[in-house]
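Heads up: the sequence shown runs through residues 2 to 1024, numbered per this note's numbering. Glycine included, C-beta positions come from ideal geometry on N, C-alpha and C. Encoded as structure tokens, the structure appears first; notes follow it.
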Amino acid sequence: MKLRYFILVLSVLVACNAENDSQRPLPNRITAEDAKAFNLPSIKNETGSEDNPADRFEFDLLRFRDPVTGRIPENIREKELAFAARLPVSKGFVVRDKNGIARNIQANFTSAGPSNVGGRSRAVAIDITNENVILAGGVSGGLWRSTNLGNTWTRITPVTELPNIRSITQDTRPGKENIWYYGTGEILPGSSASTVGAPYRGNGIYKSTDGGITWNRIPSTATDPINDLSSPFNYVHDIVTDRSNTTQDEVYAAALGGIYRSTNGFSSVQLVLGHSNIVSNNDAIWTEVAVTSTGIVYATLSNSSGNKTAPSGIFRSETGLAGSWVEITPPSGFGTDFRRTVIGIDPSNENIVYFLGNKGDNNSLHRYDDSAPDGSEWTDLTSSLPKFGGIVGDYNAQSSYNMLIKVHPANSNIVYIGGTNLYRSRNAFADDTQIDWVGGYSRNNNANQYFNHHADQHTLAFFPSNPNRMISGHDGGLSITNNNLKNTETEIRNENNQVVQRTLIDWENLNNGYVTTQFYSLAFEEENVGDPSIMGGMQDNSTFILQDPARTSDWINIGAGDGGFCYYDNQSVIFTAQYANVFRIGFVNNAPQSFNISPPNGGDQEFNLFVNPILADPVAPNKVFVGGKGRIYYTLDVRDNPRDEKWFSFGTPTIPSNEKVSAMAASESPQSIMYIGTERGRLFRVDNSTSLNQINDVTGSGFPNNGYITSIAVDPANANRVVVAFSNYNVTNLFYSTNGGTSWDAVSGNLSNAGLSGGGAPSVRWVTMMPNGGNGNIYLLGTSVGLISTTQLSGSSTVWEREAVNTIGTVPIDMVRVRPIDGYIGVATHGNGIYEARINVPLQARLQLLDILCREGTAILQTNIQFQGVENEFDLQYEWFFNGQSLGDGLNGPGISTTTEGRYQVRITNAVNGQSDLSNEIILDFGEANPQWCSGNPVASAGEDISSGLRVFPNPAERQLSVEHPFIGEVMVRIVDMNGRMMYEERSSQSQLRFDISLFPAGTYILLMTHQNEIISRKFIKK
């Protein structure tokens, strides 16, 4: 009898909302103007520090170090590329049909961009013979070439080649302009010769003799990856040619440890300044070189320890030969220990040379006059360095990460220096009264970006025919200006004609397909067939979103800081910035609004990782978990835009208090099982993430001691089948359990160093599973050498194969996500943006619990839906089940509302091809014993009938809905339809409210009101 009544209730509810069928148009969209209005707080200000590259380096070191040595292995990039070349190449993903017959499916991976956002670029040059030709390089994105002034770009570096471009130069002598050189390898702050930022280690110098179209590595600079010989050419900071030598190809390279010279285009090379033993004498890890048009050479070598066991300081040579160098370090104001010092020669008067130096938080600026009398060559200009104050106004080299100094080729008084910001002096830094803030952060001094420019300056290139035109390379790629002398303000206005910035130099974005961004993460709607939306978090480029199915539109910036984990939640988006700053964008009246929902200690690096994990429960996606130190924070309904009091925690004392959570995963079948990994290699299993009453240590005996668990994948069909990945080098990096962690098998297989002299196995950064029929999976790995897969985990005999070798290649991949319902795969690379593909896998249904209102005794369940534009491939039909019994043809939509406890499933059939799948099972329990299942925080006790004070009228309503409530203070009001979709959201301190619902479709809705720790609700009907 109860079941029949239940069916009747469901039929009424679905009939009231009958127009919500399985096809849905594109969801609400976030526009660029919307994003400008989000007014996110300054991430850097909230965390108490600015963007700090050293933090990124420490995070990479934590993830990739050999746990035994604490270091990233020497020459690991060269070794792992050689290792990858020996791996088998996939012939296609293996997929099984409903009869268990296997076939190979080719995946056509294509770039999704972002075409309008670039990554960190330290090298850019303009062809002196044709200024439409520009060459530029990203530190992990390869070399790119444009033949139309940056309107489009072509990647030159093969996808199988090392992409770490650091410096580039053209031989500008007449008849030699076709010769180009580029150097590889980037040192990051906090590095030494032995722990240098190996993620961007280079492999020598490359040369082109056809105008930069084809390149070959110069053998005399090549590294030896097998014998662990540290080469100075692992890091080539600068390359310059001597234009004055018309008979020889004289080239200088500022490399690790010293300055190298060649007179035959690097057919042979000689150390002319510095020390070749870069391991024992690693002070000179920062070197720079510059040469005048008459052949006078200047060089700088760092000295971070203050000793003089090897040459260090500022040097001058008239010939460049060994033994000819004279130290000219300033007698005062420079110190005995220093890091990087960059050089700027005045092209109009080459007797004048500027030296911009850094040691930690201390910076210096000196001018050298080669024509001055002995003893008076130096002028200390340090006091003239920019001091605009505020959050990001002062000059900041970030421990040598971002530094440049250039003199305008036609005006000696115009000198540019770069730190986090780009500055221009109009009196050659004679004092600080004529300094302009012309790039980097916004002149509003609020850590937003300068319009069409970006923070963290690395290089400038002037156009030879018009030095007032200039290209800037920074952490956001490339920008161009047509007037670098402009000194009048331009007002930048939003769509409401409000002034949001005032700029001096006007920049244009030059990232028109220059895809060099470094992604940490990506996300998309994992439930909805054909949903084109995708977003991702990038290093120093915040979080961007793309909503264009054609992939031709610009990506839109919705975030701040360094972008981290992100995900979609029922037409809202959740994204993070460094150290667990968490934000949510929800739609209110069809317009997006942004909310800071960070948990306790969010933004504090003492308690969180630089890129901190966040997880939405795959079955109850409004329940969100955030990793912390010794604990997990969770909120019961992220749509309430929770702050401190609405975040709860668990894990203590089982999770050690000194270990940060580095990875999390949760189950679908059965629901509520959760796995938690830490930065020190421990793994825990939560048997019920609803009650949170049982946390077990399931760390495998073979797990690497002190290893970094970077990713966990749970089989959607069986929560006892789980794969754990470690990102460290020189460890067994993959483990598989079929019994929920009771025992583990190493499944690295042919990704292991076992039996391989010299090592070279790649770092595994992500693991995920795509169901491929027959109760099997495609196991996908994001690694330091590209995308890798297998369909069979067989212990040490597991065979892993390379995927997309000609498109994605060997670029490092930080994350891979899949959408099983339509076979979509998204790949986040750390250097070349996002790649995506779809493969034809069997239908995979997923059932989710969108709302469960315990006091109302009502739950809203929803399954996969499809968006317009995929009708030729999908026509989804639904059959609902309760306690194993079909509920009949009357319930044929993607969502239901129910008031009955029990077991629910849905069968989805694709009418186009006849495929069908029965979803995971959801068990509903409205009991107050499990309040964590309830949306929002636990409500008042049953004896307090607060809901009686909530009036919603008229009911039914047609245009206006009035609401009265008993609360004092601010409330959050949400209106959801019976599929759980947010229709309206507003915060208010008024006790009487009125809402315009005239545009709502006819049907039944639920109004939910949240006040502190209480939720009350009322149903109403829209006529």
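Contact between Ile586 and Ser599 is absent: CB atoms are separated by about 14 Å, not below the 8 Å threshold. For the pair Ile789 and Arg803, the CB atoms are nearer than the 7 Å cut-off.
Your pair Ala829 and Leu523 checks out as a contact, with CB atoms roughly 4 Å apart and the cut at 8 Å.
Sixteen is the threshold: since fewer than 16 other Cβ atoms of the shown chains lie within 10 Å of the Cβ of Leu1000, the residue is exposed.
Nearest to Asn884 by C-alpha distance, out of Leu925, Asn558 and Thr655, is Leu925. Separation of the CB atoms of Ile615 and Phe626 is rounded to 7 Å, and the pair is thereby assigned contact status at 8 Å. In the structure shown, Ser400 falls within a coil segment according to DSSP collapsed to helix, strand and coil. The beta-carbon distance between Gly796 and Ala747, rounded to whole angstroms, is 7 Å. This is short enough to meet the 8 Å contact definition.
By the criterion of a C-beta distance shorter than 6 Å, Ser318 is surrounded in its chain by Val298, Ser325 and Trp326, once the five residues flanking it on both sides are discounted. Rounded to whole angstroms, Gln548 and Val241 show a C-alpha spacing of 44 Å. Less than 7 Å divides the Cβ of Ile286 from the Cβ of Ile188. Excluding sequence positions up to five before and after Ala398, its CB lies within less than 7 Å of the CB of Asn359, Asn364, Met404 and Gly420, all in the same chain and listed in chain order.
The Cβ neighbour count for Ser426, taken over all protein chains shown within 10 Å, is at least 16; the residue is labelled buried.
Burial state of Ile969 is exposed, judged by a 10 Å Cβ sphere holding fewer than 16 other Cβ atoms. In the assembly as shown, Lys92 is an exposed residue. Its beta-carbon has fewer than 16 other beta-carbons within 10 Å.
Contact annotation: Phe727 and Asn734 have beta-carbon atoms nearer than 7 Å.
Around the beta carbon of Lys630, a 10 Å sphere encloses 16 or more other beta carbons of the protein chains shown; the residue is thus reported as buried. The region 377-384 and the region 441-455 do not touch, with fewer than 3 CB-CB distances between them shorter than 8 Å. Minimum Cα-Cα distance from Ser473 among the listed residues Ile493, Tyr417 and Gln502 corresponds to Tyr417. Around the C-beta of Lys661, 16 or more other C-beta atoms lie within 10 Å, and the residue is accordingly described as buried. Taking a contact as a CB-CB distance under 8 Å, the pair Gly774 and Arg97 counts as one, their CB atoms being some 3 Å apart. For Ile77, the enclosing alpha helix (DSSP H) stretches over residues Ile77 to Ala86. Cβ contact annotation for Ala373 (same chain, cutoff 7 Å, sequence separation greater than five): none. Between Ala846 and Thr769, the C-beta gap is not smaller than 7 Å, which leaves the two residues out of contact. In this structure, Ala103 keeps its C-beta atom at 7 Å or more from the C-beta atom of Gln171. Sorting Val140, Glu162 and Val134 by C-alpha distance to the C-alpha of Thr155 places Val134 at the top. The residue among Asn873, Thr70, Leu850 and Arg904 with its C-alpha nearest the C-alpha of Pro895 is Leu850.
Beta-bridge pairing by DSSP links Ile106 to Phe94. For Arg425, the beta-bridge partners assigned by DSSP are Tyr417 and Asp437. DSSP places Phe65 inside the alpha helix (DSSP H), whose first and last residues are Pro54 to Phe65.
Membership of Ala714 in the beta strand (DSSP E) is indicated by the continuous run Ile710 to Asp716. When Asp541, Asn597 and Thr901 are compared, the shortest CA-CA separation from Ser122 is found for Asp541.
Distance check between Gly376 and each of Val972, Ser333, Gly361 and Asn204 places Ser333 closest, using alpha-carbon atoms only.
Between Tyr451 and Gly119, the C-beta gap is not smaller than 7 Å, which leaves the two residues out of contact. Cβ neighbours of Thr739 within its own chain (closer than 7 Å, five residues either side excluded): Asn721 and Arg722. With respect to the 7 Å criterion, Val408 and Asp370 are not classified as neighbours on the basis of their beta carbons.
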